Amino acid sequence: MSARERAVFFGALIVLALSLIIRGVMLVRENSIFVPVRGGSYIEGVAGQPTLINPAVSQNPVDLDISALVYSPLSDLIANTEVQPDGKTYAVKLKEHLVWDDGTPLTSDDVIFTVQTIQGPDSNSPAAKNWQGVTIERVSELHINFTLPDPFSFFPDVLKRTRVVPKHIFGNIPVENYRLSDYSLEPVGNGPYKVVSFKKQKDGFITEYHLVPNSRYAGQTPYISDFYFRFYQTENDLTDAFLARKVHGIGSITPFTVNSSAASSSNPLGDLLTETSRIKIDVLPMPRYYAIFINQASDPALKSLSVRRALDLAIDKTKLVSLFGEGNAAPISNPLVVNPLDFSTSTSGVEDSGAYDPDTARNLLAAAGAQNMKLTITVPDVPILASAVDFVKRAWVSAGVGEVTINTVDTSAVIEDAIQSRDFELLLFGNILENPLDLFPFWHSSQRMSPKLNITSYQNTEVDRLIENVRKATDKNEQLRMTSQAAARIQNDEPAIFLFALPYFYAHTDKLSGIGTDAVAMPSNRFQNIVDWSVLKARALR
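Here this note's numbering is used: the first residue of the sequence shown is 371, the next is one more, and so on.
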């Protein structure tokens, strides 16, 4: 064989080999998929500090974030539930061989202790409103009976999402001393992860928590091997850390707006998203709305329905939500957000009294002598709300209100002073409904006294009846019908001016998968399927 023939022969072999390799790669790609594999690390950035990692009593969002990984909800611990025909008694059986991460058995005693702690007058638990009047009976180490004073159709959800805390740790500690215990920062849990260490500066600021999978967890082992929480003083510090790739994910109640000059100045994350595709934003449905709550006792003029309606009609809510970026928020006119993902609302055919009508607003205010009216709006020191309240002020002044003062305060002060003390005239604030069809906590007349959450002291016997019947009904369509009627009546009574609805926004690197898009009732619920999160992948044949 000549040199030329040998060259041709070996060239053909090389072409054949390359063809086979390419074909093989194509076959592998066609017949395989990427699947998550265990390993890797992930850093969640959070603004704030942990203070009491105990989901039975803490109201601190940072505590609840860590608790979501460290403590299991009852839904992970229950083997089965039987409901008696009267709808008031729930017989629950726990799974066998449950243990805390220190090896101590988890039994019905822990569940009973958790509920009694929530119900205790000294706990100030945010979950107490769901457990009023519920009695709990120990049947055995695995069996518990819950008895309700009346049927409560949302109780199964309350039961499932309640996170159990250990009696052998907290049982001999008074609730008021929980924060003094080392266990407030070094929790013994039963969830998919356990705390192995945390870092603290000399000034006491906690900078980081390190969690690893809990080998004693009753459910699926998480994919991510090392999960970190990294803490920052402010939201701006947190955003800067994300931009610098010091953390892999951050959640926000504020929209991460893309391609918007207005957003660029207030949220640099928007600029990052225009430059790279390595960041993704998940929009998680949340039954959350913002409104201006009216304290009618603070000003005789606010007792007038026509004045309250005029203030509502003066606001162009469609233009207002455009401040937050396209598609990030939606205008609403009542407290029923049926589907927070597309922000659809229902008014049961009742005319929308909150539609923008500046001429009518101006006439109503003129008739009420609004040129002498002085109003003060209290608002938390949150950038997104600063824009909203300034828009509202300009709309009201344009409609004829004499003077509008904006009182910007720290969020904690809003809760302690404005809400708990009812010390406000008008309050721009948000409500999150644990169930979008349950208006009871915010609008039933029995919830008017502090520290309960009907902060406008709203009373309407027909609304009370509808809300109560929703809680007793088991048919979802019937619940929706009655909730729509209640929401429409609230809208027409104008105890608040409903402005806009927002979902929850979660930004993360594109390496993270498995987060899902299920609805969240509160920010910590973004971790509800944490065991499915992964940062590593491998090919597997179909």
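Built from N, CA and C at the ideal position, the CB exists for glycine as well.
The structure presented is a predicted model; accordingly, all values stated were derived computationally and were not measured.
Alpha-carbon spacing of residue i relative to residue j, whole angstroms
i, j, result
"residue 855", "residue 450", "35 Å"
"residue 617", "residue 875", "16 Å"
"residue 758", "residue 798", "9 Å"
"residue 456", "residue 477", "27 Å"
"residue 837", "residue 810", "6 Å"
"residue 881", "residue 582", "19 Å"
"residue 496", "residue 428", "8 Å"
"residue 893", "residue 773", "36 Å"
"residue 742", "residue 676", "16 Å"
"residue 577", "residue 430", "17 Å"
"residue 589", "residue 541", "26 Å"
"residue 899", "residue 668", "45 Å"
"residue 714", "residue 701", "Reliability fails at residue 714, whose pLDDT of 48 lies under 50, so the model's placement of it is uncertain and no value is given."
"residue 823", "residue 817", "6 Å"
"residue 414", "residue 600", "6 Å"
"residue 557", "residue 866", "41 Å"
"residue 908", "residue 408", "10 Å"
"residue 812", "residue 663", "11 Å"
Residue environment, residue i, which counts as buried when at least 16 other CB atoms sit within 10 Å
i, result
"residue 896", "buried"
"residue 560", "buried"
"residue 853", "buried"
"residue 575", "exposed"
"residue 737", "exposed"
"residue 808", "buried"
"residue 630", "Per-residue confidence for residue 630 stands at a pLDDT of 38, beneath the threshold of 50, marking its modelled position as unreliable; no derived number is given."
"residue 572", "exposed"
"residue 941", "There is simply no residue 941 to check, as the chain begins at 371 and stops at 912 in what is shown."
"residue 666", "buried"
"residue 606", "exposed"
"residue 614", "exposed"
"residue 442", "buried"
"residue 312", "Since the first residue shown for the chain is 371 and the last is 912, residue 312 is missing from the structure and cannot be characterised."
"residue 719", "Annotation note: pLDDT 34 at residue 719 (below 50); position unreliable, no value reported."
"residue 903", "buried"
"residue 905", "buried"
"residue 454", "exposed"
Coil, strand or helix - residue i by DSSP
i, result
"residue 625", "coil"
"residue 464", "strand"
"residue 569", "strand"
"residue 822", "coil"
"residue 870", "strand"
"residue 788", "helix"
"residue 811", "helix"
"residue 696", "coil"
"residue 779", "strand"
"residue 495", "coil"
"residue 883", "strand"
"residue 737", "helix"
"residue 773", "strand"
"residue 651", "strand"
"residue 593", "coil"
"residue 832", "helix"
"residue 730", "helix"
"residue 553", "helix"
"residue 548", "helix"
Terminal residues of the alpha helix (DSSP H) in which residue i lies
i, result
"residue 847", "846-863"
"residue 753", "753-769"
"residue 538", "537-540"
"residue 481", "478-489"
"residue 516", "Not the alpha helix (DSSP H): residue 516 falls in the beta strand (DSSP E), residues 513-517."
"residue 432", "431-440"
"residue 691", "687-691"
"residue 746", "Unbroken run through residue 746 is the beta strand (DSSP E), 744-750; no alpha helix (DSSP H)."
"residue 346", "Examination of residue 346 is not possible in this model, given that the chain is present from 371 through 912 alone."
"residue 707", "It is not in any alpha helix (DSSP H) - residue 707 carries neither H nor E in the DSSP assignment."
"residue 613", "605-613"
Continuous beta strand (DSSP E) stretch holding residue i: start and end
i, result
"residue 507", "505-508"
"residue 417", "411-417"
"residue 600", "596-602"
"residue 925", "Nothing can be reported for residue 925: it is not among the residues displayed for the chain, which extend from 371 to 912."
"residue 801", "796-802"
"residue 661", "658-664"
"residue 450", "448-453"
Distance between beta carbons of residue j and residue i, contact taken as under 8 Å
i, j, result
"residue 612", "residue 620", "5 Å"
"residue 694", "residue 754", "6 Å"
"residue 598", "residue 580", "6 Å"
"residue 534", "residue 484", "5 Å"
"residue 458", "residue 521", "6 Å"
"residue 531", "residue 445", "7 Å"
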